[in-house]
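Sequence order for the protein chains is L and W. Just add 5 to wherever you are in the first sequence, counting from 1, and you've got our numbering. Just add 19 to wherever you are in the second sequence, counting from 1, and you've got our numbering.
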Amino acid sequence: MRRRSSRRRFLAGLSAGVSGLIAGCTGSQLSLGSDSDTGASTDSQSSSAESFTVALARDPTREKWDIYGGVTPYYTHVFEPLVDTTANMKTAPLLATEWEAVDETTWEFSLREGVTFHNGDSLTADAVVSSFDRVFEQWSWVPGWIGVEPDGVTAVDDTTVRFQTTEHFPAFPGTISHNYFGIQHPNPNETPVGTGPFQVEHVEEEQSITLTPYENYRGGTAEPRELTFKWVKDPNTRVLSLQKGSVDIAQQIPKSRATALADADDTAIETQLTPEAGLVAVNLYTAPTDDEQLRKALNWAVDQHQIVERVLNGMGKPARGPISSVIPWAVHGDLSPYGPDRERARELVEDSSYSGDPLSILINSENTDDKMVAQTLSGWFDDIGVATEIRQVDPASFYDTFTAGEAHLTLVSFGSNSAACDYLVRAMFHSEGSDNRKRYKKNGTGIYNPGPEVDRLIERGYRAETLAEKREHYGAVQKRVVETGAVIPLYYNESVLARQATVSGIDGHPVSNMADWAELSRSD
Amino acid sequence: MNGWKLARRVATMLVVLFGVSVLTYGLIFVTPGDPARTILTQQMGGQTPSQEAVEQFRVAKGLDDPFPVQYARWVENAVQGDLGQSYYSDQAVTAMIATRLPNTIALGVASMLVAVAIAVPAGIASAVEPGSQTDYAAQFGALVGVSMPNFWLGYLLIIVCSLWLDLFPVAGAGGLEYLVLPALTLGSGMAAVIARLVRTAMLDVLDDAYIRTARSKGLRERIVVYKHALRNALVPVVTIIGLQLSYVLNGAVVVEVVFQRPGLGTLLVDAIFARDYPVVQGVTLLIGVIFVVTNFAVDLTYSRLDPRIDFGGEPT
Chain L
6 MRRRSSRRRF LAGLSAGVSG LIAGCTGSQL SLGSDSDTGA STDSQSSSAE
56 SFTVALARDP TREKWDIYGG VTPYYTHVFE PLVDTTANMK TAPLLATEWE
106 AVDETTWEFS LREGVTFHNG DSLTADAVVS SFDRVFEQWS WVPGWIGVEP
156 DGVTAVDDTT VRFQTTEHFP AFPGTISHNY FGIQHPNPNE TPVGTGPFQV
206 EHVEEEQSIT LTPYENYRGG TAEPRELTFK WVKDPNTRVL SLQKGSVDIA
256 QQIPKSRATA LADADDTAIE TQLTPEAGLV AVNLYTAPTD DEQLRKALNW
306 AVDQHQIVER VLNGMGKPAR GPISSVIPWA VHGDLSPYGP DRERARELVE
356 DSSYSGDPLS ILINSENTDD KMVAQTLSGW FDDIGVATEI RQVDPASFYD
406 TFTAGEAHLT LVSFGSNSAA CDYLVRAMFH SEGSDNRKRY KKNGTGIYNP
456 GPEVDRLIER GYRAETLAEK REHYGAVQKR VVETGAVIPL YYNESVLARQ
506 ATVSGIDGHP VSNMADWAEL SRSD
Chain W
20 MNGWKLARRV ATMLVVLFGV SVLTYGLIFV TPGDPARTIL TQQMGGQTPS
70 QEAVEQFRVA KGLDDPFPVQ YARWVENAVQ GDLGQSYYSD QAVTAMIATR
120 LPNTIALGVA SMLVAVAIAV PAGIASAVEP GSQTDYAAQF GALVGVSMPN
170 FWLGYLLIIV CSLWLDLFPV AGAGGLEYLV LPALTLGSGM AAVIARLVRT
220 AMLDVLDDAY IRTARSKGLR ERIVVYKHAL RNALVPVVTI IGLQLSYVLN
270 GAVVVEVVFQ RPGLGTLLVD AIFARDYPVV QGVTLLIGVI FVVTNFAVDL
320 TYSRLDPRID FGGEPT
């Protein structure tokens with residue numbers, strides 16, 4: 006009798022404990038997210054006339070480095086850099102109105118007058134210096150990235166900032182148009198303080214950020230009364246959240262789902278050509294792809310239009326070169342497409358040294374489109390008598406495997422997040438570029454760097470003072486790598502976002518995280 | 020409870036955890052993938068970092084030191100309760116785990132409750148009338164539950180319960196309404212396994228002589244099944260429930276992504292893909308602790324269910 010009652014007490018206690026545990030765990034979440042939650046309350050936000058919720062693929066709070074106070078510098082427009090990136094990927098004034106190279110390694114930027122931080126303080130040169138110093142202090146690798154000494158940013162006077170670069174670097178203004186270099190108030194409180202059109206209202210760690218418009222913004226107050234960026238990592242869940250009405254806009258929609266969203270009455274999609282190009286990097290320093298005849302044959306076999314239409318659901322632009330046509334010095338229009346002409350490709354294969362062994366195609370498992378692209382290419386190559394095998398590796402291993410030269414063909418996609426795109430051509434085709442450096446240092450080879458002549462062209466382009474000059478040198482590089490078959494161009498990528506059909510006013514940008522939300526509105 | 024046995028058990032647990040830490044650290048280290056380049060690429064929004072930036076990152080994070088030095092440094096800090104800082108966010112790993120752990124605990128406990136609530140009645144009903152339509156239906160349900168991938172069931176539940184019926188939110192973390200669909204998703208797979216085991220164990224027990232004796236005494240069938248048979252059938256079931264903890268942790272990886280719940284599963288997967296060693300090591304160690312402690316708890320529960328078994332899991 007005593008044992009039975011004891012067991013009952015034990016079970017009752019266990020039940021109470023379990024209930025308490027669940028309530029405790031969920032309760033802690035409630036207390037964290039009581040006023041700006043991600044679900045039920047978000048549903049009601051969506052129905053509000055002036056509040057909008059944007060679902061992002063990456064956590065808007067994960068970038069919780071001290072320097073940004075827990076707010077991603079991407080997407081949110083809380084912080085603004087000195088230099089803007091325009092829709093045609095050129096530099097334009099933003100917090101700086103003009104800049105000039107005082108000498109080969111010194112730049113001076115004049116600040117816009119009348120700019121205030123969200124707390125009402127004026128933007129000064131000292132604030133800019135402090136903001137850069139904080140970035141350099143937190144991330145010791147950043148000065149190396151932008152070619153500035155750690156103590157190379159100084160205030161000349163109240164409205165002039167000087168940057169000392171480590172070498173002659175004409176593309177420097179574009180480099181600091183990256184979101185990394187949004188200017189912050191020198192004495193940030195717990196809430197991050199910038200100069201942008203939106204200010205931070207609430208941060209829900211690892212879930213969402215809610216912004217409100219900065220009413221004294223120099224360009225006028227933004228339209229949305231409230232703007233929430235919510236993390237929804239899984240692409241299918243982002244689509245379902247949009248269909249449910251939990252979010253108004255969903256970024257980075259899978260191309261395979263985009264058509265259905267475009268056809269539905271309640272939802273619509275918007276696409277934007279990006280600076281990212283998808284291509285096959287051909288290993289020039291391993292047999293049999295060291296044979297130019299074979300590389301040209303592979304190029305003749307590929308139909309870029311089919312890749313865009315069949316694999317990318319029509320979202321993208323067939324490529325002729327390795328640099329997206331949205332980048333100002335790309336020479337897409339000057340490049341001749343190979344084909345497709347598979348008869349000619351077969352003849353070239355027969356004339357080449359190809360012996361019948363399969364070529365390896367390396368792909369990144371994270372990119373779902375790449376697998377379909379690789380399978381399509383494999384079918385075409387098989388059609389011209391070239392066997393292939395697809396090797397899929399995880400994202401963290403992908404780059405090391407690629408730069409170690411372990412594959413004959415690698416599906417890569419590269420783009421820029423700022424107005425400085427020079428690094429692309431350098432990383433890809435210069436022998437000392439990051440893609441080729443490992444093997445070049447080891448045995449003087451590389452991956453898809455055609456050699457000293459191209460290296461010299463890249464160095465000239467890097468130091469070019471004008472766009473025409475840059476285009477001349479970088480254009481010659483693009484022609485050279487296409488003509489020799491060092492690459493097989495595939496597509497210039499288009500980003501896809503989906504929205505409720507009633508939502509309008511999204512000002513897209515080639516760099517998707519620079520899209521402008523200031524004019525968002527909703528129709529009944 | 021014997022003090023010597025307890026001490027021996029704790030010592031074994033510590034050895035297991037040390038082995039887990041060495042293996043995890045070693046495996047991550049030999050896996051291809053450079054944390055400096057991977058993390059910088061993510062931080063820069065997909066842009067390729069310069070070689071100078073990569074090298075400076077390595078120096079800043081101590082990644083240029085040999086493996087034994089890095090591991091010794093980690094152990095030295097870990098025994099003092101410091102699991103290091105994330106390479107990605109510079110946050111303390113312990114703080115990251117503390118933020119995420121409640122979500123995973125809530126999901127684990129709720130899904131286990133769902134599993135037991137479905138499995139035990141289904142298993143009993145199936146065993147009491149073997150070969151009946153109820154039995155076939157329960158077995159078919161169990162087969163479907165075992166076969167269905169978590170992510171697929173998750174999407175299905177979202178479409179039906181959220182989009183069509185408008186009963187629950189699509190995704191997120193917060194109140195109990197956010198827990199229902201993830202718990203059903205994760206719990207159904209476990210329910211299938213447990214239900215099959217309950218059925219088998221009950222069938223064994225129901226054939227025993229003492230059950231025939233109980234029936235011949237004229238006891239009501241309900242008393243025979245629930246009071247006499249079920250309790251003795253629960254010993255293997257408790258074992259499998261303990262082992263199902265691994266299923267909870269594995270399944271949480273998928274379920275947390277589908278339902279956008281910030282938990283340990285997503286933290287671990289993101290850290291593995293970013294080669295964020297301190298986070299991988301910290302979470303793996305915690306999972307190791309959970310496993311050994313759960314096994315210990317299961318052994319204790321044996322003695323509660325059957326006093327003939329001591330807490331080490333051995334018959335007395």
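Even glycine gets a Cβ: it sits at the ideal position worked out from N, Cα and C.
Practice prompt. Give the range of the beta strand (DSSP E) segment to which His-123 (chain L) is assigned.
Written response: Neither: His-123 (chain L) is in no beta strand (DSSP E) and is coded neither H nor E.
Worksheet item: Under 7 angstroms from any heavy atom of the ligand SAM, does the C-beta of Leu-100 (chain L) make it?
Response: Ligands displayed in this structure: none; no statement on the ligand SAM is therefore possible.
Practice prompt. Mind the definition here: the segment 289-309 of chain W touches the segment 90-105 of chain W only if three or more C-beta pairs lie below 8 angstroms; say whether that holds.
Written response: yes
Worksheet entry | N- and C-terminal bounds of the beta strand (DSSP E) containing Gln-169 (chain L) | 165-170
Practice prompt. Starting from Asn-122 (chain W), follow the alpha helix (DSSP H) in both directions and report where the run begins and ends.
Written response: 112-147
Worksheet item: Are the Cβ atoms of Leu-198 (chain L) and His-123 (chain L) separated by less than 8 angstroms?
Response: Before going on, a small fix: residue 198 (chain L) reads as Val here, not Leu. Going by C-beta atoms, Val-198 (chain L) is nearer than 8 angstroms to His-123 (chain L).
Discussion item. Could you tell me the alpha carbon to alpha carbon distance between Asp-271 (chain L) and Val-243 (chain W), rounded to whole angstroms?
Written reply: 58 angstroms
Worksheet item: Is it buried or exposed for Arg-280 (chain W), if we count other Cβ within 10 angstroms and need 16 for buried?
Response: buried
Discussion item. On the criterion of 16 or more Cβ atoms from any shown chain inside 10 Å, does Tyr-453 (chain L) qualify as buried, or is it exposed?
Written reply: buried
Worksheet item: Apart from the five residues on each side of it in sequence, which residues of its chain come closer than 7 angstroms, Cβ to Cβ, to Ser-526 (chain L)?
Response: Glu-228, Ser-509 and Gly-510
Worksheet item: Under a three-way DSSP split, which group does Val-501 (chain L) fall into?
Response: strand
Worksheet entry | Closest by C-alpha distance to Val-112 (chain W), when choosing among W:Thr-31, W:Phe-278 and W:Gln-300 | W:Gln-300
Worksheet entry | Whole-angstrom C-beta distance between Thr-66 (chain L) and Glu-210 (chain L), which should lie under 8 angstroms | 5 angstroms
Worksheet item: Should Val-78 (chain W) be labelled buried (16 or more other beta-carbon atoms within 10 Å of its own) or exposed?
Response: exposed
Practice prompt. Could you tell me whether the segment 249-263 of chain L touches the segment 378-391 of chain L, using the rule of 3 or more Cβ pairs below 8 angstroms?
Written response: no
Item to complete: Determine the chain L residues that contact Gly-52 (chain W) at a beta-carbon separation under 7 angstroms, and present them in chain order.
Response: Ala-401, Ser-402 and Asp-405
Worksheet entry | CB of Ile-463 (chain L) within 8 angstroms of CB of Arg-431 (chain L), strictly | yes
Discussion item. I need the straight-line Cα distance from Val-391 (chain L) to Val-163 (chain W), nearest angstrom please.
Written reply: 43 angstroms
Worksheet item: Can you tell me the Cα-Cα spacing of Ala-520 (chain L) and Ser-421 (chain L), whole angstroms?
Response: 15 angstroms
Fill in: Chain-ordered residues of the segment 192-225 of chain L with a beta carbon less than 8 angstroms from chain W
Glu-210, Glu-211 and Gln-212
Item to complete: Go to Arg-325 (chain L), then tell me how far its alpha helix (DSSP H) extends in each direction, as first and last residue.
Response: Note, Arg-325 (chain L): premise wrong, no alpha helix (DSSP H); not H, not E.
Worksheet item: Is the segment 115-131 of chain W close to the segment 155-173 of chain L, with three or more CB pairs under 8 angstroms?
Response: no
Practice prompt. Just list the alpha helix (DSSP H) runs in the segment 54-100 of chain W, keeping only unbroken ones of 4 residues or longer that don't cross its boundaries, in chain order.
Written response: 54-62, 70-80 and 86-97
Practice prompt. Measure the Cβ-Cβ separation of Thr-233 (chain L) and Ser-213 (chain L) and say whether it is below 8 angstroms.
Written response: yes
Worksheet item: Roughly how many angstroms separate the alpha carbons of Gln-505 (chain L) and Gln-248 (chain L), rounded to a whole number?
Response: 8 angstroms
Practice prompt. List the residues of chain W whose Cβ lies closer than 8 angstroms to the Cβ of Ala-419 (chain L), in chain order.
Written response: A small correction: the amino acid at residue 419 (chain L) is Phe; Ala does not occupy that position in the sequence shown. Result: Thr-67.
Practice prompt. Could you check how far apart the C-beta atoms of Gly-206 (chain W) and Ser-130 (chain W) are, in whole angstroms? I think they sit under 8 angstroms.
Written response: 4 angstroms
Worksheet entry | Contacts that Thr-233 (chain L) makes with chain W (C-beta to C-beta distance below 9 angstroms) | What Thr-233 (chain L) touches in chain W: nothing, since even the nearest Cβ is about 12 angstroms away.
Practice prompt. Starting from the N-terminal side, write out each stretch of the alpha helix (DSSP H) that is 4 residues or longer and does not extend beyond the segment 193-280 of chain L.
Written response: 240-249 and 260-268
Discussion item. Among the candidates L:Gly-326, L:Arg-63, L:Leu-299 and L:Tyr-343, whose CA atom is the shortest distance from the CA of Ser-357 (chain L)?
Written reply: L:Leu-299
Practice prompt. For chain L, find out if any of its Cβ atoms is closer than 8 angstroms to the Cβ of Ala-91 (chain W); answer yes or no.
Written response: no
Worksheet item: Do Glu-172 (chain L) and Gly-152 (chain L) have their C-beta atoms within less than 8 angstroms of each other?
Response: yes
Worksheet entry | Contacts around Thr-279 (chain L), its chain only, beta-carbon distance under 8 angstroms, and the 5 residues preceding and following it disregarded | Ser-329, Val-331, Gly-420, Tyr-497, Asn-498, Glu-499, Ser-500, Pro-515, Val-516 and Ser-517
Discussion item. Check whether chain L comes within 8 angstroms of Leu-338 (chain W), counting only Cβ atoms and requiring the distance to be less than that.
Written reply: Residue coverage of chain W in this structure runs from 20 to 335, which leaves residue 338 (chain W) outside it and unanswerable.
Discussion item. Rounded to the nearest angstrom, what separates Asn-93 (chain L) and Ser-423 (chain L) at their Cα positions?
Written reply: 11 angstroms
Worksheet item: Taking the C-alpha atoms as reference points, what is the distance between Ser-182 (chain L) and Thr-129 (chain L)?
Response: 18 angstroms
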